[in-house]
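Student: When you line the sequence shown up against this note's numbering, it's residues 1 to 535, in that order.
From the three backbone atoms N, C-alpha and C, an ideal C-beta is built for every residue, glycine too.
Fair warning: this is a prediction, and the values are worked out from it, not measured in the lab.
Just passing along the structure, written as structure tokens.
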Amino acid sequence: MRAARLLSENKTGRLCAVTFTRDAAAELKTRILQLCGEREAQRLAVGTFHSVALSQIRRIKNLSGIKLLSDGERIGLLRRCYSQYKCDTPFEKVQSAIDRAKSKLSEPIFEDVAVEDVFHAYQGLLATERGMDFSDILLTVVNGIRDGSIKPLSVRWLLADEFQDADEVQKQWVLEHGKAGIEVTIVGDDDQSLYSFRNALGYQGMQDVTQLLISQEITLPINYRCAPNILAHASSLIAHNPNRANKTIEAHRTASGSIKVHRAADRFDEAARVVKAIKESTGQTWAVLARTNSLLEIIEAEMLVNGIPYRLSGGRSVWDGMVGSALVGLLKSLQTDNWTGMANALSMCGIKSDLLNLDHSHKSCDQMLEKIRAHMADDDARAIKVIDSVRRGCGDWRKQMADGNTSLAVYAAASWLSQHLKSDRGNLLKKLASVIAKLNGSLAQRLNTLSRLKDSGNVVTGVVLSTLHGSKGLEFDCVWIIGAEDNNLPHPDSTEDEERRLFYVGMTRARNRLEISSSLEDGLESRFVKEAGLL
Numbered sequence: 001m002r003a004a005r006l007l008s009e010n011k012t013g014r015l016c017a018v019t020f021t022r023d024a025a026a027e028l029k030t031r032i033l034q035l036c037g038e039r040e041a042q043r044l045a046v047g048t049f050h051s052v053a054l055s056q057i058r059r060i061k062n063l064s065g066i067k068l069l070s071d072g073e074r075i076g077l078l079r080r081c082y083s084q085y086k087c088d089t090p091f092e093k094v095q096s097a098i099d100r101a102k103s104k105l106s107e108p109i110f111e112d113v114a115v116e117d118v119f120h121a122y123q124g125l126l127a128t129e130r131g132m133d134f135s136d137i138l139l140t141v142v143n144g145i146r147d148g149s150i151k152p153l154s155v156r157w158l159l160a161d162e163f164q165d166a167d168e169v170q171k172q173w174v175l176e177h178g179k180a181g182i183e184v185t186i187v188g189d190d191d192q193s194l195y196s197f198r199n200a201l202g203y204q205g206m207q208d209v210t211q212l213l214i215s216q217e218i219t220l221p222i223n224y225r226c227a228p229n230i231l232a233h234a235s236s237l238i239a240h241n242p243n244r245a246n247k248t249i250e251a252h253r254t255a256s257g258s259i260k261v262h263r264a265a266d267r268f269d270e271a272a273r274v275v276k277a278i279k280e281s282t283g284q285t286w287a288v289l290a291r292t293n294s295l296l297e298i299i300e301a302e303m304l305v306n307g308i309p310y311r312l313s314g315g316r317s318v319w320d321g322m323v324g325s326a327l328v329g330l331l332k333s334l335q336t337d338n339w340t341g342m343a344n345a346l347s348m349c350g351i352k353s354d355l356l357n358l359d360h361s362h363k364s365c366d367q368m369l370e371k372i373r374a375h376m377a378d379d380d381a382r383a384i385k386v387i388d389s390v391r392r393g394c395g396d397w398r399k400q401m402a403d404g405n406t407s408l409a410v411y412a413a414a415s416w417l418s419q420h421l422k423s424d425r426g427n428l429l430k431k432l433a434s435v436i437a438k439l440n441g442s443l444a445q446r447l448n449t450l451s452r453l454k455d456s457g458n459v460v461t462g463v464v465l466s467t468l469h470g471s472k473g474l475e476f477d478c479v480w481i482i483g484a485e486d487n488n489l490p491h492p493d494s495t496e497d498e499e500r501r502l503f504y505v506g507m508t509r510a511r512n513r514l515e516i517s518s519s520l521e522d523g524l525e526s527r528f529v530k531e532a533g534l535l
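So this is what it looks like as structure tokens:
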């Protein structure tokens, strides 16, 4: 509302609004323009922190050609470095340590020397391949503004939404714009602070900006989204958290909504109930929310079987998972001759990282495979078989594509990967290959189509599948929270206070209808259901 008023009351000056996900950014833009009118669209820019900062980077000549890595590519590169240094620390903890280091402005300090080696090798590979991951974007801009090589945004006002989720670098990005004379407004809710595991500063980060920019603090006590009974149960739940800002939230709406709690036999029964409810409702927007991406896989399969259109939001697509990214990377390498995808696929097949990370400047995939083969020990029969077979395969697959048999090439490449993959995910791989094979056009066109399908942006109707974390900032007519069992919600890897905030966020995404389900096979019903007064 404040952003819309600024644009309406001032006939000059531009406003930039930033938040954390594309879906939330799209909704934020829609709300602002609904209030101030489409005529002000030319003076309004809305995006994620990363997309807006990336636009600043791309104005710099020597940085304009930098390639932004997808999540799957980033993890693939990191795994190669991890394997090369034979780090004893589990990969997920190494990844977390590196992400944590990149969320801070100070020089990274690692307790484990091996983790530090992985970090420097990873940064070296990024530089060699002219790549950048999401964490590098804001760090680059903050440092650039400080040394004068990058200019702050050319706007009069900056609005940062969901600011309780900002980490140190994101906070500093906002502060640098405030110091440059831009009028800053930050908006956040301490009850929706969910990302301490991603180094979010929470309420303290909001207080830091307030104090450093000498700002006024305003409490917004009205909830315009939820039916009053949905808000009342959510408020009952969050009241169990002891350390909160002093506030009482009231519902603007008066008509009650629908709330139901389900106890399903197992995950498949749970998925069937979700799909049945969606099929029986018409003209309603739906979100199916889960604590983890893996819980959404059965829901997604049930959607496909029943022909229900859906969109993944706020969570990792199957194409960015270990198997999906290996297949897509292999196919991209066939299409572009870029080494990254091929190397990541070979890493999944057990080829050692010291071979994959050999200098590959200006070398084609065929040249790199030949170089690796020359460096291999004669007694490593399995690795030799993998390299020899992929060298033959690349020639065959390219010939099939040249002859117009693209689908056959996709199936053949997936079959090769399935034979050599060091995992038990062969069936998933074949299903993913069939999806690509059924698309139309050349391989490049199919991969572009796949990218659009995966990243489809501004669809506001239908069904959204999302993690609870990814649903923040969004709202739907109907919400179904699955997997509401103890040891899942709350999850033992997080604090109970943060898990309670997570459940609260899920509940308050619903405008009119809230469904909560758990599986008998997977444990006791979550204690949060009782705390919310729903038992």
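Quick one: Cα of glycine 341 to Cα of arginine 80, how far?
Tutor: For glycine 341 and arginine 80, the distance between alpha carbons rounds to 12 Å.
Student: Give the range of the alpha helix (DSSP H) segment to which asparagine 487 is assigned.
Tutor: First-last for asparagine 487: undefined, no H or E at that position.
Student: If you reduce the DSSP assignment to three classes, tell me which class arginine 391 lands in.
Tutor: In the structure shown, arginine 391 sits in a helix (DSSP, three-state: H, G or I).
Student: Which whole-angstrom value is the C-beta distance of serine 517 and alanine 101, which I expect to be below 8 Å?
Tutor: No, serine 517 and alanine 101 are not in contact; Cβ-Cβ is about 39 Å, not under 8 Å.
Student: Taking glutamine 335 as the reference, give the member of Thr219, Gly470 and Leu443 with the closest Cα.
Tutor: The shortest C-alpha separation from glutamine 335 is found at Leu443.
Student: Count the other CB atoms, across all protein chains shown, that sit within 10 Å of the CB of tyrosine 564; report buried if there are 16 or more and exposed otherwise.
Tutor: No information on residue 564 is available, as it lies outside the stretch 1 to 535 that the chain covers here.
Student: Expressed to the nearest angstrom, what Euclidean distance is found between the alpha-carbon atoms of serine 456 and arginine 311?
Tutor: Reliability of the predicted coordinates at serine 456 is poor, the pLDDT of 49 falling under 50, and the value obtained from them is presented with this limitation in mind. Roughly 8 Å between the two C-alpha positions.
Student: Please list, in chain order, all residues of the same chain as alanine 121 whose beta carbon is under 8 Å from its beta carbon, the five residues on each side excluded.
Tutor: The answer, listed in chain order, is Cys81, Gln84, Tyr85 and Asn357.
Student: Based on Cα-Cα distance, which residue from Gly506, Lys260 and Leu231 lies nearest to arginine 540?
Tutor: No answer is possible for residue 540: the residues shown for the chain start at 1 and end at 535.
Student: For aspartate 191, does the count of other Cβ atoms within 10 angstroms reach 16, so buried, or fall short, so exposed?
Tutor: That one is buried.
Student: Would you mind sorting threonine 406 into buried or exposed? The rule is 16 or more other CB atoms within 10 Å of its CB.
Tutor: Buried, by the Cβ-count rule.
Student: Is it the case that the Cβ atoms of valine 115 and alanine 97 are separated by a distance below 8 Å?
Tutor: Cβ distance < 8 Å, so valine 115 and alanine 97 count as in contact.
Student: What's the C-alpha gap between histidine 375 and leucine 355?
Tutor: Rounded to the nearest angstrom, the two C-alpha atoms are 7 Å apart.
Student: Please report the straight-line C-alpha distance between isoleucine 308 and lysine 61, rounded to a whole angstrom.
Tutor: Going by the C-alpha atoms only, they are around 45 Å apart.
Student: Measure the C-alpha to C-alpha separation of alanine 53 and leucine 138 and round it to an integer number of angstroms.
Tutor: Rounded to whole angstroms, alanine 53 to leucine 138 spans 6 Å at the Cα level.
Student: Which same chain residues end up closer than 8 Å to alanine 200 when comparing Cβ atoms and leaving out the 5 residues on each side of it in sequence?
Tutor: Result list for alanine 200: Gln164, Asp165, Ala166, Asp167, Ser193 and Leu194, in chain order.
Student: Glycine 513 lies in the beta strand (DSSP E); which residues open and close that run?
Tutor: A small correction: the amino acid at residue 513 is arginine; glycine does not occupy that position in the sequence shown. Start and end: 510 to 519.
Student: Could I get the ranges of all uninterrupted alpha helix (DSSP H) runs contained in the segment 148 to 215, with 4 residues as the minimum, in chain order?
Tutor: Segments of the alpha helix (DSSP H) lying fully in the segment 148 to 215: 168 to 179 and 202 to 212.
Student: Give me the Cβ distance between glycine 506 and leucine 468, rounded to the nearest whole Å; I'm assuming they're in contact under 8 Å.
Tutor: Contact flag correct, Cβ pair sits at about 5 Å.
Student: Whole-angstrom Cβ separation of arginine 291 and leucine 489, contact assumed at under 8 Å?
Tutor: That belief holds up - the Cβ atoms of arginine 291 and leucine 489 are roughly 5 Å apart, short of 8 Å.
Student: Among Val209, Gly523 and Ala160, which has the Cα closest to the Cα of lysine 179?
Tutor: Cα-wise, what sits closest to lysine 179 is Val209.
Student: Among Ile145, Arg74 and Gly426, whose alpha-carbon lies nearest the alpha-carbon of cysteine 349?
Tutor: It is Gly426 whose Cα lies nearest to the Cα of cysteine 349.
Student: Which one of Ser333, Asp378 and Phe134 has the shortest CA to CA distance from valine 390?
Tutor: The shortest Cα separation from valine 390 among Ser333, Asp378 and Phe134 belongs to Ser333.
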